[in-house]
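Input: a single structure, listed below in structure tokens.
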Amino acid sequence: MTSLVPTPTSTAAADLLDDLRALRQDVAALPALEPDSYARDHAAFELLSDQRGLIADHLAGRMTALGDGPVSVLSVGCGDGSLDVRLAEGLVRAVPGRPVRYVGIEPWSGSAALFTAEMAALEARELTVEVHVASFADAPVDEIFDVVVFVHSMYYVADVGDTLRAALDFLRPGGELWVLNAPRAALNELVDVLAPSLEDHRQWFSADVEDAFVDAGITTDVVVTLDALVDLASSSDEVLDFAVQARLTPELRGPVRAYLAAVSVPGRDGAPRVPHPVNVFSTTRV
Ligand SMILES: C[S@@+](CC[C@H](N)C(=O)[O-])C[C@H]1O[C@@H](n2cnc3c(N)ncnc32)[C@H](O)[C@@H]1O
Numbered sequence: 005m006t007s008l009v010p011t012p013t014s015t016a017a018a019d020l021l022d023d024l025r026a027l028r029q030d031v032a033a034l035p036a037l038e039p040d041s042y043a044r045d046h047a048a049f050e051l052l053s054d055q056r057g058l059i060a061d062h063l064a065g066r067m068t069a070l071g072d073g074p075v076s077v078l079s080v081g082c083g084d085g086s087l088d089v090r091l092a093e094g095l096v097r098a099v100p101g102r103p104v105r106y107v108g109i110e111p112w113s114g115s116a117a118l119f120t121a122e123m124a125a126l127e128a129r130e131l132t133v134e135v136h137v138a139s140f141a142d143a144p145v146d147e148i149f150d151v152v153v154f155v156h157s158m159y160y161v162a163d164v165g166d167t168l169r170a171a172l173d174f175l176r177p178g179g180e181l182w183v184l185n186a187p188r189a190a191l192n193e194l195v196d197v198l199a200p201s202l203e204d205h206r207q208w209f210s211a212d213v214e215d216a217f218v219d220a221g222i223t224t225d226v227v228v229t230l231d232a233l234v235d236l237a238s239s240s241d242e243v244l245d246f247a248v249q250a251r252l253t254p255e256l257r258g259p260v261r262a263y264l265a266a267v268s269v270p271g272r273d274g275a276p277r278v279p280h281p282v283n284v285f286s287t288t289r290v
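Just so we're aligned, residue 5 is where the sequence shown starts under the working numbering, counting upward by one.
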């Protein structure tokens, strides 16, 4: 397994982060994002990032490698389905007539309804879709799949090791588990300083996922990193809040934007972009 080296930050960025840490010392936690605005602000965030396209292309390639037979996918934390619908459409179009089963797990009912609507809009008769409105630990799933995939949802589970073991139980022998998660790079250093705890834990980043795989004795393939960039210089306050996973106060926005400017790199058009990498962990059930 590769080591997940965080993106180096400049001294100026490190100082700005220290200033933010000092501002947040011994004060009440910031409010968490509300479930009803989470999906909307996430969608707006994705429009400023090239990560969604990189993930869709990468996972479509993995799905092609599954072959031409019937295929079943369990997407954990499927959100509004805007990524899954692209993957499901690729599966259906690649091999006309082959049965495709796509099941989502999503605790937020508003997002789960959007997942169902997105999939229905494909109007593909060979595609059967179901969504469980539940957290992964409570989802009443009683079938096994060719693929179980977590895209940016492992941050939120109570215990990563338990979740990985349970996910493997939902796979047929030879089935594949894919976990896409962000490292603690420049952007998530901010999340660590600003986001309120989730019940009784912080958000889990890639190093936590890597440790959990090792501790559970599950061997993974070489970890792939997709190097995405996000344009936060032009983001609304709501998207900025989504980026740091907390409802910011007005006085924090200036220092947060200054830190993001300091960690930015030139995008293809030369304008500043914040590095926004995602790691892809994969393993096959023996
Ligand atoms: C960043 S979004 C990703 C959504 C989708 N996978 C995508 O890439 O667009 C994370 C999703 O995980 C869901 N989630 C949070 N905790 C969860 C849990 N314990 N089990 C399953 N899903 C969870 C959230 O409601 C949210 O929709």
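All residues carry an ideal CB built from backbone N, CA and C; glycine is no exception.
- Placement of the Cβ of I109 at a distance of less than 7 angstroms from at least one heavy atom of ligand 1 is found.
- According to DSSP, residue pairing for T229 in a beta bridge involves N283.
- Counting the other CB atoms within 10 Å of its CB gives D212 a total of 16 or more, which places it among the buried residues.
- In this structure, the alpha-carbon of A162 lies about 25 angstroms from that of V243.
- Using a C-beta cut-off of 8 angstroms, the region 146 to 158 makes contact with the region 170 to 181, since at least three inter-stretch Cβ pairs fall below that distance.
- Per DSSP, the unbroken alpha helix (DSSP H) holding L198 starts and ends at A190 to L198.
- For the alpha helix (DSSP H) assignment, the uninterrupted runs of no fewer than 4 residues enclosed by the region 71 to 121 are, from N- to C-terminal side, 88 to 98.
- With a threshold of 7 angstroms, the Cβ atom of G57 does not count as near ligand 1, since no heavy atom of the ligand is closer than that.
- Burial state of A69 is exposed, judged by a 10 Å Cβ sphere holding fewer than 16 other Cβ atoms.
- L20 sits buried, since 16 or more C-beta atoms from the chains shown fall within 10 Å of its C-beta.
- Around the beta carbon of L51, fewer than 16 other beta carbons sit within 10 angstroms, so the residue counts as exposed.
- A residue is called buried once 16 or more other Cβ atoms fall within 10 Å of its Cβ, and E180 is buried on that count.
- Beta-bridge analysis with DSSP links W182 to V153 and S286.
- When V99, S139 and R90 are compared, the shortest CA-CA separation from P74 is found for V99.
- Between S210 and P187, the CB-CB gap stays under 8 angstroms.
- Around the beta carbon of T253, a 10 Å sphere encloses fewer than 16 other beta carbons of the protein chains shown; the residue is thus reported as exposed.
- Annotated three-state conformation of E50 is helix, per DSSP.
- Annotation for Y160 indicates a beta carbon within 7 angstroms of some heavy atom of ligand 1.
- In terms of CA proximity to A92, M123 leads the group H62, M123 and A116.
- For the options T15, V284 and V164, the alpha carbon positioned closest to that of D219 is the one of V164.
- In the structure shown, V31 falls within a coil segment according to DSSP collapsed to helix, strand and coil.
- Going by C-alpha positions, V248 is about 15 angstroms away from A43.
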